[in-house]
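Quick notes on the structure that follows.
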Amino acid sequence: MRIRTITAAAVTVLALALPGCSSDSGDGKPEPATSSSTAPSPTPSPTVDKEAARQACKDGWKAAMDTGDVDFDDEPASCRDVPGESAKLYAEALVERNAANRERMDECLKDPGCTEFPIP
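With the numbering used here applied, the sequence shown corresponds to residues 43 to 162, in that order.
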């Protein structure tokens, strides 16, 4: 019972205090809010073309994969422009590289003279 009394008293005090927070010109009408002209304007930051940065990161991953044994920990420097997306772009690069390799293999299998992929 005591908690209800304290809560009711606190709500009443807050309800009575809120009207005192508004600005009043004395004639019963609140003053309109004015915007501050001294607010700092945001400085334009250099924008990076997000899609170009994503593609550069994927290309970096593909180049690293083509050089040999690569691990996710070997992140290319081009991925610094897309923070937090490196793992996703690594997976996308891997899928695209695998699709391109599969296409090359299919073309080689169609050509009897192809020796790029040795088949026993």
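Note that CB positions come from ideal geometry on N, CA and C, so glycine has one too. In this text, all values refer to a predicted model and were calculated from it rather than measured experimentally.
Under the three-state DSSP convention, the category Thr109 falls into = For the purposes of this step, residue 109 is taken as residue 67 along the sequence shown, with counting starting at 1. Three-state DSSP puts Thr109 in a helix.
Label Lys130 either buried or exposed according to how many other C-beta atoms from any shown protein chain fall within 10 Å of its C-beta, with 16 as the threshold for buried.
-> Numbered from 1 along the sequence shown, position 88 holds the residue referred to as residue 130. By the neighbour-count rule (16 or more Cβ atoms within 10 Å), Lys130 is not buried but exposed.
Give me the Cα-Cα distance between Met107 and Tyr132, rounded to the nearest whole angstrom.
-> Residue numbering aside, residue 107 sits at position 65 when the sequence shown is read from its first letter. Residue numbering aside, residue 132 sits at position 90 when the sequence shown is read from its first letter. So the two alpha carbons sit approximately 10 angstroms from each other.
Do Ser128 and Ala98 come within 8 angstroms of each other at the CB atom, strictly closer than that value?
-> In the sequence shown, residue 98 corresponds to position 56, counting from 1. In the sequence shown, residue 128 corresponds to position 86, counting from 1. For Ala98 and Ser128, no; Cβs fall outside 8 angstroms.
Where does Lys92 land, buried or exposed, given buried means 16+ other C-beta within 10 angstroms?
-> The residue given as residue 92 occupies position 50 in the sequence shown. Exposed, since its Cβ has fewer than 16 Cβ neighbours within 10 Å.
Of the listed residues Ala94, Asp116 and Gly155, nearest to Asp123 (C-alpha basis) | Within the sequence shown, residue 123 is the residue found at index 81, counting from 1. Selected option, being the one with the closest Cα: Ala94.
Asp91, DSSP secondary structure in three states = The residue given as residue 91 occupies position 49 in the sequence shown. Looking at Asp91 - three-state DSSP - the assignment turns out to be coil, as it is neither helix nor strand.
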